[in-house]
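J.: Following full-length UniProt numbering, the numbering of the sequence shown begins with 1 at its first residue and continues without gaps.
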Amino acid sequence: MSVPCFLSSAARSFSLPCPAAGLLYSRLLGPSSVTRRSMSSKRQMDHLERTAKDSRQNALYPAQVCGIINESETVKRLRIAVPPDFSFKAGQWVDFFIPGVETVGGFSMCSGPGLLQREGVVELAVKYSKHPPAHWIHTACSVGSQVAMRVGGDFFFDPLPSGSAVDLLLVAGGVGINPLYSILLHTSDLLHLNRASGGRDYNIGSAHLCYSAKTMQELLFKSSIVEACREFPDKFSCDFHITQQSTDVDPHLQPFLNRGRITEEELQAHVDPQRTLCFLCGPPPMIEAISKTLMDLGLPKDRILFEKWW
1 MSVPCFLSSA ARSFSLPCPA AGLLYSRLLG PSSVTRRSMS SKRQMDHLER
51 TAKDSRQNAL YPAQVCGIIN ESETVKRLRI AVPPDFSFKA GQWVDFFIPG
101 VETVGGFSMC SGPGLLQREG VVELAVKYSK HPPAHWIHTA CSVGSQVAMR
151 VGGDFFFDPL PSGSAVDLLL VAGGVGINPL YSILLHTSDL LHLNRASGGR
201 DYNIGSAHLC YSAKTMQELL FKSSIVEACR EFPDKFSCDF HITQQSTDVD
251 PHLQPFLNRG RITEEELQAH VDPQRTLCFL CGPPPMIEAI SKTLMDLGLP
301 KDRILFEKWW
C-alpha cells in the first residue's frame, strides 16, 4: 500500500489539540538519554509527564487511520498511514495527538520497522480505558481519522549488521506485549534477510518470549507468535502464561501454554549473563519482581531494560 496523498496537505494544516498541549510539545523537544523510568508518585502521571526525560524525535508527523481491527474484546489495533520520512526503532512508542482531545496519548508500536518499509504504515494496539486518547480510539476513531504522532523512547532493539549476537529474553505482562512484539517482528525480518543473503547480513542470536495474561483471550498476537516459533524453531521460543482461566484451550497453543505466573526456573533456563539482553514491559509490580529475580540469577542490571506504562 502507498501512503495517501493527503499527508502532505495535512502536514500544513494540522494543529496541536490545545494550547496546553502546544506548551508541552515545546517543552519536550529536547532529547535525553535515560533508558529507564520509574513512577514514585501515587498520582497517576500522564504520558508526557512520565516520559519527559526520554529521548524524542523533533518531528511531529501527520498521519491517517487506514484500518481498525478488533484484536480482542478490549483491544483495538489501528493501522496508521504515515509520511515517507517517518521512522522508528522496534520497541519505541509515539506521542499520539488527536484533534479536539486535550490529553496526549502514549502508545507503543506493535508493528516492526519492516512493515513500515513495505507498506508505509505502523500499527498500535490499544486497550479500552476511560483515559481520553484510548477512549477516543474505542468510541470515536474511524478509518480516515487524522491524527499526529511523534516517535520517542529509549527502549528498543536495533542491532547493527556488524554487531555481536545477543540472546533476547522478552518478558511481557498484558498489553505490555506491544513493544516486545515489535522487537520479535523486527528480529524475524532480520532472519528473513539473513536467509535471503545466505547469513551474511546480521548476527542474530535466539529470542525467548515469556508472556503472561489473565486469560487466553487477552494473549494478543498469539497465533503470529506461534507461527514465528515454528518458522524459526532454532531461534524463537515462547511460553504463554494464563493466570485466571481454568477452561480448555486451543490445542494448537497447548504446547506453548502454562498455567500460573512466570517462574524463576523458566527465567533461569534463558539467562546467560554474558549473552542475554532482557526487555521487560508490563505493570510495575511485575517488572520490579522479574528484574530482582533476573539480577539474583546473575544478569547484570545494565542488561535488563524495561518499560512501565501503568
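Idealized CB from N, CA, C, for every residue including glycine. What you are looking at is a predicted structure, and each value in this text was computed from that prediction instead of being measured.
Using CA coordinates, which residue listed in VAL226, ARG259, LEU184, SER237 is at the minimum distance from THR215?
T.: Cα-wise, what sits closest to THR215 is ARG259.
J.: Between the alpha carbons of LEU160 and ASP201, how many angstroms are there, rounded?
T.: 9 Å
J.: The beta strand (DSSP E) with LYS76 in it runs from where to where?
T.: 75 to 81
J.: Report all residues from its chain with a CB closer than 7 Å to the CB of GLN268; omit the five preceding and five following residues, and keep chain order.
T.: Excluding sequence neighbours, GLN268 sits near LEU297.
J.: For ILE204, tell me which candidate among GLY144, TRP93, VAL166 has the shortest Cα-Cα distance.
T.: For ILE204, the nearest C-alpha among the options comes from VAL166.
J.: Roughly how many angstroms lie between the CA atoms of LEU220 and SER72, to the nearest whole one?
T.: When rounded, the distance between both Cα atoms is 7 Å.
J.: Does the distance from the C-beta atom of GLN64 to that of ALA81 stay below 9 Å?
T.: yes
J.: Identify whether HIS252 lies in helix, strand or coil by the three-state DSSP scheme.
T.: coil
J.: Do you know offhand how far SER197's Cα is from HIS131's?
T.: Computed Cα separation, rounded: 46 Å.
J.: If you drop the 5 nearest sequence neighbours on each side, which residues of the same chain put their C-beta closer than 8 Å to that of SER142?
T.: VAL65, ILE68
J.: Which one of PRO283, CYS210, HIS192, GLN245 has the shortest CA to CA distance from GLY114?
T.: HIS192
J.: Whole angstroms are fine: how far does the CA of LEU180 sit from the CA of VAL151?
T.: 16 Å
J.: Check for me: the beta strand (DSSP E) holding ALA148 runs from which residue to which?
T.: 146 to 152
J.: Tell me, to the nearest whole angstrom, how far the beta carbon of PHE256 is from that of LEU170; I am working on the premise that it is less than 8 Å.
T.: About 14 Å; that fails the 8 Å criterion.
J.: Note down the Cα distance separating ALA125 from ASP272, rounded to an integer number of angstroms.
T.: Distance between the alpha carbons of ALA125 and ASP272 is about 32 Å.
J.: If you drop the 5 nearest sequence neighbours on each side, which residues of the same chain put their C-beta closer than 6 Å to that of SER206?
T.: Excluding residues within five positions, the ones whose Cβ falls inside 6 Å are ASP167, LYS235.
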